[in-house]
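Asks: Protein chains in written order, with my numbering: chain E, 1 to 368; chain A, 369 to 451.
Before I ask anything, here is the structure I am working with.
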Amino acid sequence: YNFFPRKLKWSKTNLTYRIMNYTPDLSRAEVDRAFKKAFKVWSDVTPLNFTRIRSGIADIMISFGTKEHGDFYPFDGPSGLLAHAFPPGPDYGGDAHFDDDETWSDDSRGYSLFLVAAHEFGHSLGLEHSRDPGALMFPIYTYTGKTGFVLPDDDVQGIQELYGAGDRDPNPKHPKTPEKCDAELSLDAITELRGEMLIFKDRFFWRLHPQMVEAELVLLKSFWPELPNKIDAAYENPIKDLVFMFKGKKVWAMNGYDIIEGFPKKIYEMGFPKQMKRIDAAVHVKDTGRTLFFSGNKFWSYDEEKEVMETGYPRLIEEEFPGIGDRVDAVYQRNGYLYFFNGSLQFEYSIWSNRIVRVLHTNSIFWC
Amino acid sequence: IPIPLEDSHEFTEEDLQFAERYLRTHYDLRPNPADVMRKSANTLASKLREMQAFFGLEVTGKLNEETYELMQQPRCGVPDVGE
């Protein structure tokens, strides 16, 4: 997180706001609700209180405008700049302006007024942009879903350095952005995608290009807004140029960024038992054309060509792959080896000699 | 604007103006007094480096495709650095 120069902040905890005008994209009630919810994001984690006034000068004056709208920081038409706000202070200080050339909405149809307002009010309170791609104060817009927003930990740290903590935080578990070199790092899923490797953790994934050491951290929803905020397993079928992602009893098929028509489907439609609750890991083994699915202490083998589950499964993981433990978080295949991830360890398993040849730290996938 | 050789045909004049405007809005790039070409080139390269470092891109000081793509993403109008 970052602060404005001279660490500008309000010297009082009771702040007022006034909505000066409205956008035609939403009803007045929806706009009122979005702003109220956006202020609550910050009052939940600080001693700050926000009171709406309907006349006179408020600390935070909120307005919609287009192009040059009176502050010499013109907007730029649809997309690009969505909004801006001024750091705490008199007059313009704290004010927030929203570009009405954007389409404002309360879901993924347009830009979420709630999400953008929560970000702008962070500026109104004294936060600058954060470099943490998972932070609300990251400068680039990312739709993170219609409900269930929880202020990321980075933003909480920042605002509480300015104003201290409140005593009424309804969601004390604020999501942290994963550190790829954390010695205890564990993973949710791994898949190849057209030559890149995607490594999933919580609501993020790292994109690892074969030629590059630096992995790029991305929010899952910035690629696939329709997907849930966290997945259980993923694999690529390179022959069909499809990536399959699993969460609970659902499976999505993706061709690049696009979700295939008719998905999500239920995993039992692939031949799993109806009572199966989730898949922990999946990997397509090119040499055999089979995809292995791991759930609990068992695994299944799926014939991609015939599109059927092979008979004689499930089998116990411990029997087929002795030494990797009795569960798998994630798995991928490369150059004749399977890499099984279990907590902070990964097991390099030779398909040819059917045995573990190396045990590594999970974070060594990032050259840590 | 410094551009990698392999990307030199990628950008139109309009793209370059957009990139310069972006750096002015978000990285406090100062307008370039006509007679100080050398210095302005450094300022542009240093502002590009600042932006690439902020977003965790490869810091080259040159406008490559990845940097330009990121400039086009919808965002907040408040600067990322500077007063």
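Glycine included, C-beta positions come from ideal geometry on N, C-alpha and C.
It should be emphasised that the depicted structure is a prediction, and the values quoted were computed from it without experimental measurement.
Output the distance between the C-alpha atoms of E:TYR337 and E:TYR349, rounded to the nearest integer angstrom.
Replies: So the two alpha carbons sit approximately 5 Å from each other.
Asks: What separation, rounded to the nearest whole angstrom, lies between the Cα atoms of E:ILE231 and E:LYS249?
Replies: C-alpha separation (whole angstroms): 11 Å.
Asks: I'd like to know if A:PHE379 contacts chain E, where contact means its C-beta is closer than 8 Å to some C-beta of that chain.
Replies: no
Asks: Do E:LYS201 and E:PRO228 have their beta-carbon atoms positioned less than 8 Å apart in this structure?
Replies: no
Asks: Round the Cβ separation of E:LEU125 and E:PHE3 to the nearest angstrom and send it over; I've been treating them as touching at under 8 Å.
Replies: Contact between E:LEU125 and E:PHE3 fails: their C-beta atoms lie close to 10 Å from each other, not under 8 Å.
Asks: Consider the Cβ of E:ARG131: report whether some Cβ of chain A lies at a distance smaller than 8 Å.
Replies: So, interface residue.
Asks: How would you list, in chain order, the residues of chain A whose beta-carbon sits under 7 Å from the beta-carbon of E:SER79?
Replies: PRO442
Asks: Suppose the cutoff is 7 Å on Cβ atoms and the five residues either side in sequence are ignored; what does the same chain contact list for E:PRO78 look like?
Replies: Annotation for E:PRO78: ASP101 and GLU102 place their beta carbon closer than 7 Å to its own, counting only its chain and skipping 5 residues before and after.
Asks: Please classify A:GLN420 as buried or exposed, where buried requires at least 16 other C-beta atoms within 10 Å of its C-beta.
Replies: buried
Asks: Quick one: what's got a C-beta closer than 6 Å to E:ARG355's C-beta in the same chain, skipping five residues either side?
Replies: none
Asks: If we call anything under 8 Å between Cβ atoms a contact, is E:ARG290 one with E:ASP303?
Replies: yes
Asks: Verify the CB distance criterion: does E:PRO88 have a CB-CB separation below 8 Å to chain A?
Replies: no
Asks: Quick one: Cα of E:GLY70 to Cα of E:GLY164, how far?
Replies: 34 Å
Asks: Can you list, in chain order, the residues of its chain with a C-beta nearer than 7 Å to that of E:THR66? Leave out the 5 residues immediately preceding and following it.
Replies: PHE75, ASP99, ASP100 and ASP101
Asks: Can you list, in chain order, the residues of its chain with a C-beta nearer than 7 Å to that of E:ASN255? Leave out the 5 residues immediately preceding and following it.
Replies: So the qualifying residues of the chain are ASP241 and LEU242.
Asks: Restricting to Cα atoms, I'd like to know which of E:ASN342, E:VAL31, E:SER27 and E:ARG334 is closest to E:THR191.
Replies: E:ARG334
Asks: Taking E:THR288 as the reference, give the member of E:LYS277, E:LYS306 and E:ASN342 with the closest Cα.
Replies: E:LYS306
Asks: Can you find a C-beta in chain E that's less than 8 Å from the C-beta of A:GLU374?
Replies: no
Asks: Since E:PHE64 contacts E:PHE121 with CB under 8 Å, what's their CB separation in whole angstroms?
Replies: Not a contact, Cβ separation roughly 15 Å.
Asks: Flag this pair as touching only if the segment 210–225 of chain E and the segment 155–171 of chain E have three or more C-beta atom pairs under 8 Å; answer yes or no.
Replies: no
Asks: For my contact list, A:LEU391 and A:LYS415 are in at a C-beta cut-off of 8 Å; report their separation, rounded to the angstrom.
Replies: 4 Å
Asks: Please check the pair E:PRO238 and E:VAL251, which I expect to be a contact at CB under 8 Å, by giving their CB distance rounded to whole angstroms.
Replies: So it is not a contact: roughly 18 Å between Cβ atoms.
Asks: Is it the case that the segment 435–443 of chain A contacts the segment 129–142 of chain E, given that we only count it when at least three CB pairs across the two stretches are under 8 Å?
Replies: yes
Asks: Can you check which of these residues, E:ASP107, E:LYS180 and E:THR177, is closest to E:THR147 by C-alpha distance?
Replies: E:ASP107
Asks: Tell me, to the nearest whole angstrom, how far the beta carbon of A:ASN432 is from that of A:ASP383; I am working on the premise that it is less than 8 Å.
Replies: With a contact defined as Cβ atoms closer than 8 Å, A:ASN432 and A:ASP383 miss out at about 12 Å.
Asks: Should the segment 8–19 of chain E be regarded as contacting the segment 49–61 of chain E, the criterion being three or more beta carbon pairs within less than 8 Å?
Replies: Segments in contact, yes.
Asks: Could you tell me whether any Cβ in chain A is nearer than 8 Å to the Cβ of E:LEU136?
Replies: For E:LEU136, the answer is no, since every Cβ of chain A falls outside 8 Å of its Cβ.
Asks: Determine the closest residue to E:LYS12 out of E:GLY94, E:PHE72, E:LYS36 and E:LEU26, with distance taken between C-alpha atoms.
Replies: E:GLY94
Asks: In terms of alpha-carbon separation, which member of E:LYS37, E:HIS174, E:THR51 and E:HIS129 lies closest to E:PHE114?
Replies: E:LYS37
Asks: At least one CB of chain E closer than 8 Å to the CB of A:GLY429: is that the case?
Replies: Not closer than 8 Å to any Cβ of chain E, the Cβ of A:GLY429 fails to qualify, so no.
Asks: At a CB-CB cut-off below 8 Å, which residues of chain A make contact with E:GLU216?
Replies: GLY424
Asks: Taking the alpha-carbon positions, what's the A:PHE422 to E:GLU320 distance?
Replies: 47 Å
Asks: Could you give the C-beta distance for E:TYR92 and E:HIS84, rounded to a whole number, given that I count them as a contact under 8 Å?
Replies: Between E:HIS84 and E:TYR92 the Cβ distance is about 11 Å, and since that is not below 8 Å, they are no contact.
Asks: Take E:GLU68 and list the residues in its own chain whose beta-carbon comes closer than 6 Å to its own, dropping the five residues that flank it on each side.
Replies: Counting only Cβ-Cβ distances below 6 Å, and skipping sequence neighbours, we find PRO74.
Asks: Going by DSSP in three states, E:MET212 sits in which element: helix, strand or coil?
Replies: coil
Asks: Among E:VAL218, E:ASP132 and E:ALA183, which residue has its Cα nearest to the Cα of E:LEU198?
Replies: E:VAL218
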